[in-house]
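**Q**
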Amino acid sequence: MNNRDMNNAPLPPQVKKKGRKMRYVTLREEDRQLLLHLHSFIYLHRGFIEKYIFQTYENVDSVYRRLRTLEEAGYIKSFMLPISDFDHRPSKVYTLTMFGAEIVEQMRGVVHWNRRWTTQVPPWYQHQLMIAEIVKSYELKAETAGLEFKEWVTEARAFYEFRDINESKKNHNSRIRPDGILVIGKPNSDQNLGIMIEMERSYATREKTLRKMEQFNEFFSRKEELLPKYDKKVGFEHPVKAWKVLFIGSNDAKAKKILRDLKGEENHAEVSVMVTTRQEANMDPYGDIYRYLSDPETKRKM
DNA sequence: ATTACATGGCGTTTCCGTCA
DNA sequence: TGACGGAAACGCCATGTAAT
Numbered sequence: 001m002n003n004r005d006m007n008n009a010p011l012p013p014q015v016k017k018k019g020r021k022m023r024y025v026t027l028r029e030e031d032r033q034l035l036l037h038l039h040s041f042i043y044l045h046r047g048f049i050e051k052y053i054f055q056t057y058e059n060v061d062s063v064y065r066r067l068r069t070l071e072e073a074g075y076i077k078s079f080m081l082p083i084s085d086f087d088h089r090p091s092k093v094y095t096l097t098m099f100g101a102e103i104v105e106q107m108r109g110v111v112h113w114n115r116r117w118t119t120q121v122p123p124w125y126q127h128q129l130m131i132a133e134i135v136k137s138y139e140l141k142a143e144t145a146g147l148e149f150k151e152w153v154t155e156a157r158a159f160y161e162f163r164d165i166n167e168s169k170k171n172h173n174s175r176i177r178p179d180g181i182l183v184i185g186k187p188n189s190d191q192n193l194g195i196m197i198e199m200e201r202s203y204a205t206r207e208k209t210l211r212k213m214e215q216f217n218e219f220f221s222r223k224e225e226l227l228p229k230y231d232k233k234v235g236f237e238h239p240v241k242a243w244k245v246l247f248i249g250s251n252d253a254k255a256k257k258i259l260r261d262l263k264g265e266e267n268h269a270e271v272s273v274m275v276t277t278r279q280e281a282n283m284d285p286y287g288d289i290y291r292y293l294s295d296p297e298t299k300r301k302m
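Using UniProt numbering, the first residue of the first sequence is number 1, and each one after it goes up by one.
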């Protein structure tokens, strides 16, 4: 009688392979949280897991060991990668295996996973690490601001194509693809705010930023028609009553560039647009850190 | 040389199935 | 139900490695 028979879980892939360490692990709450987080953010590094997920461990050694155990059991896969542009010292970065994704599917009922994320690390993994850090900041600091973090909608869920049937497939404006959506509101309230996040790449071009903005404008100009459909497609856990778009730059200069690039767009902007920096969003996400496109000179709250 | 990251060894503790 | 024993997990320490 082993765990597999008892909980009817999918079979770890490497059990079938000979010569590899095979190992069964009973998942604990923290392990499940890790799998769910990996599903949300695709890639997480050891420091993040230690800081936000494996909090019961007294020392780092145990974190490493637990992660290795989960990897040997076939739930997750690790890579040695630099975790920022400035730190060339590599760190362990983890992602789900197909088996791990199946476990998430068993927990959640749905799963968005691409097997290529496991076999080959794409260049945007650092982008994902930054997204994870930002989202955690909004999540953990909500309470002190008198708010509640309701949900994080991943890019895979937030992606939406609303092209009409007779429209050309070439029309890139009839789709939105934010990095994700923060859903935030007062506790026990259904009046929630949905913030579509755009974390700009280090060398974001004006062309790209403008196109993103056009896509949001197109979407929100048809909001009466599209928002009900979008709500159904995404399946928001909490009703979203108001919308904003947030561009996040990697530093102050980049944030200012985004504002310059979008200058003039506020005239026909269909949704309020905010710009801030990664550092500010990490430090004080509910503070006066947002420059609105309609008034770029002053920093205000969201 | 120092710092940060990662793994292995070892003694102790915790967990869990088995059996009386 | 409680005692028992083996396996797994934990904390501490030592060691290796790569970057600064």
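Glycine included, every Cβ here is placed at the ideal spot set by N, Cα and C.
All figures in this text were calculated on a predicted structure; none of them were measured in a lab.
Do three or more CB pairs link the region 272 to 279 to the region 220 to 229 at distances below 8 Å?
**A** The region 272 to 279 is not in contact with the region 220 to 229.
**Q** So I248 and R278 are in contact, right, with Cβ under 8 Å, and what is the actual spacing, rounded?
**A** As a first step, residue 248 must be located in the first sequence, where it is residue number 248. As a first step, residue 278 must be located in the first sequence, where it is residue number 278. Yes, they are in contact, since the Cβ atoms of I248 and R278 sit about 6 Å apart, within 8 Å.
**Q** Over what stretch of residues does the beta strand (DSSP E) that includes R206 continue unbroken?
**A** Along the first sequence, one-based indexing puts residue 206 at 206. Looking at the DSSP string, R206 is not in any beta strand (DSSP E); the run it does join, the alpha helix (DSSP H), is 206 to 221.
**Q** Could you tell me the alpha carbon to alpha carbon distance between R291 and K256, rounded to whole angstroms?
**A** Position 291 of the first sequence, counted from the first residue, corresponds to residue 291. Position 256 of the first sequence, counted from the first residue, corresponds to residue 256. Their backbone Cα atoms lie some 9 Å apart in a straight line.
**Q** If we count Cβ pairs, one from each stretch, closer than 8 Å, do we get three or more for the region 108 to 124 versus the region 139 to 148?
**A** Output reads no: the region 139 to 148 does not touch the region 108 to 124.
**Q** Output the distance between the C-alpha atoms of P90 and T119, rounded to the nearest integer angstrom.
**A** By one-based count along the first sequence, residue 90 stands at place 90. By one-based count along the first sequence, residue 119 stands at place 119. Their Cα atoms are separated by approximately 19 Å.
**Q** Which residue wins for smallest C-alpha separation from L246, given the options A204, M302, Y230?
**A** Locating residue 246 in the first sequence gives position 246, where the first residue counts as 1. Nearest option by C-alpha distance: M302.
**Q** Relative to the C-alpha of A158, which candidate in I195, E225, E266 has its C-alpha closest?
**A** Against the first sequence, residue 158 aligns to sequence position 158. Nearest of I195, E225, E266 to A158, Cα basis: I195.
**Q** Between H238 and D179, what straight-line distance do the alpha-carbon atoms span, to the nearest angstrom?
**A** For this step, residue 238 is matched to residue 238 along the first sequence. For this step, residue 179 is matched to residue 179 along the first sequence. Roughly 19 Å separates the two Cα atoms.
**Q** For the alpha helix (DSSP H) containing A242, list its first residue and its last residue.
**A** The residue labelled residue 242 in the question sits at position 242 within the first sequence. Where A242 is concerned, there is no enclosing alpha helix (DSSP H), although the beta strand (DSSP E) it sits in stretches over 240 to 249.
**Q** Three-state secondary structure (DSSP) at Y94?
**A** Sequence index remark: in the first sequence, residue 94 carries index 94 (1-based). The answer is strand: DSSP assigns Y94 an E or B state.
**Q** To the nearest angstrom, how far is the alpha carbon of E139 from that of M213?
**A** As a first step, residue 139 is located in the first sequence; it is residue number 139 there, counting from the start. As a first step, residue 213 is located in the first sequence; it is residue number 213 there, counting from the start. So the two alpha carbons sit approximately 26 Å from each other.
**Q** Less than 8 Å separating the beta-carbons of N282 and E133?
**A** Here residue 282 is taken as the residue at index 282 of the first sequence, counted from 1. Here residue 133 is taken as the residue at index 133 of the first sequence, counted from 1. Going by C-beta atoms, N282 is nearer than 8 Å to E133.
**Q** For Y203, count neighbouring C-beta atoms within 10 Å of its own C-beta (all shown protein chains included) and say buried if the count is 16 or more, exposed if not.
**A** Stepping through the first sequence from its first residue, residue 203 is reached at position 203. Y203 is exposed by the Cβ-count criterion.
**Q** Where does the unbroken alpha helix (DSSP H) through M283 begin, and where does it stop?
**A** Here residue 283 refers to the residue found at position 283 of the first sequence. M283 -> alpha helix (DSSP H) spans 278 to 283.
**Q** By the three-class DSSP mapping on this structure, what secondary structure does E297 have?
**A** Residue numbering aside, residue 297 sits at position 297 when the first sequence is read from its first letter. It is a strand residue.
**Q** What residue does the alpha helix (DSSP H) around W117 start on, and which one ends it?
**A** By one-based count along the first sequence, residue 117 stands at place 117. That run of the alpha helix (DSSP H) goes 116 to 119.
**Q** Are the Cβ atoms of G100 and I83 separated by less than 8 Å?
**A** The residue labelled residue 100 in the question sits at position 100 within the first sequence. The residue labelled residue 83 in the question sits at position 83 within the first sequence. No, the Cβ-Cβ distance between G100 and I83 is not below 8 Å.
**Q** Might you give, ordered along the chain, the residues of its own chain that have their beta carbon closer than 6 Å to the beta carbon of V93, omitting 5 neighbours on each side?
**A** For the purposes of this step, residue 93 is taken as the residue at position 93 of the first sequence. Hits under 6 Å: Y43, H45, F79, L81.
**Q** According to DSSP, simplified to helix, strand and coil, what is R68?
**A** Reading the first sequence from its first residue, position 68 is the one you call residue 68. It is helical.
**Q** For H112, which residues of its own chain have a beta-carbon under 7 Å away from its beta-carbon, when the five flanking residues on both sides are left out?
**A** Along the first sequence, read from residue 1 onward, the residue named residue 112 stands at position 112. T154, A156, R157.
**Q** With a threshold of 8 Å, are at least 3 pairs of Cβ atoms found where one atom belongs to the region 258 to 265 and the other to the region 228 to 244?
**A** Touching, no, given that fewer than three Cβ pairs across the two stretches are closer than 8 Å.
**Q** Just to confirm, are V240 and V183 a CB contact at a threshold of 8 Å?
**A** By 1-based counting over the first sequence, the position of residue 240 is 240. By 1-based counting over the first sequence, the position of residue 183 is 183. Yes.
**Q** Between F54 and E30, which are expected to be in contact by the criterion C-beta below 8 Å, what is the C-beta distance as a whole number of angstroms?
**A** Sequence index remark: in the first sequence, residue 54 carries index 54 (1-based). Sequence index remark: in the first sequence, residue 30 carries index 30 (1-based). So it is a contact: roughly 6 Å between Cβ atoms.
**Q** Can you tell me whether P82 is helix, strand or coil according to DSSP?
**A** The residue you call residue 82 lines up with position 82 of the first sequence. P82: strand per DSSP, three-state reduction.
**Q** Check this for me: beta carbons of L38 and T95, under 8 Å apart or not?
**A** In the first sequence, residue 38 corresponds to position 38, counting from 1. In the first sequence, residue 95 corresponds to position 95, counting from 1. Yes, Cβ-Cβ distance for L38 and T95 is below 8 Å.
**Q** What does the alpha-carbon distance come out to for the pair Y57 and F48?
**A** Indexing the first sequence from 1 puts residue 57 at position 57. Indexing the first sequence from 1 puts residue 48 at position 48. Spanning the two alpha carbons is a distance of roughly 14 Å.
**Q** Since S137 and P228 should fall inside the 8 Å C-beta cutoff, what is the C-beta to C-beta distance between them, to a whole number of angstroms?
**A** Position 137 of the first sequence, counting from 1, holds the residue named residue 137. Position 228 of the first sequence, counting from 1, holds the residue named residue 228. Their Cβ separation, rounded to whole angstroms, is 31 Å, which puts S137 and P228 out of contact at 8 Å.
**Q** From the DSSP secondary-structure annotation, give me the bridge partner or partners of Y290.
**A** Position 290 of the first sequence, counting from 1, holds the residue named residue 290. DSSP lists R300 as partners of Y290.
**Q** Here's the rule: buried if 16 or more other CB atoms are within 10 angstroms of the residue's CB, otherwise exposed. What is K51?
**A** To locate residue 51, count along the first sequence from 1; it is residue 51. Exposed is the call here.
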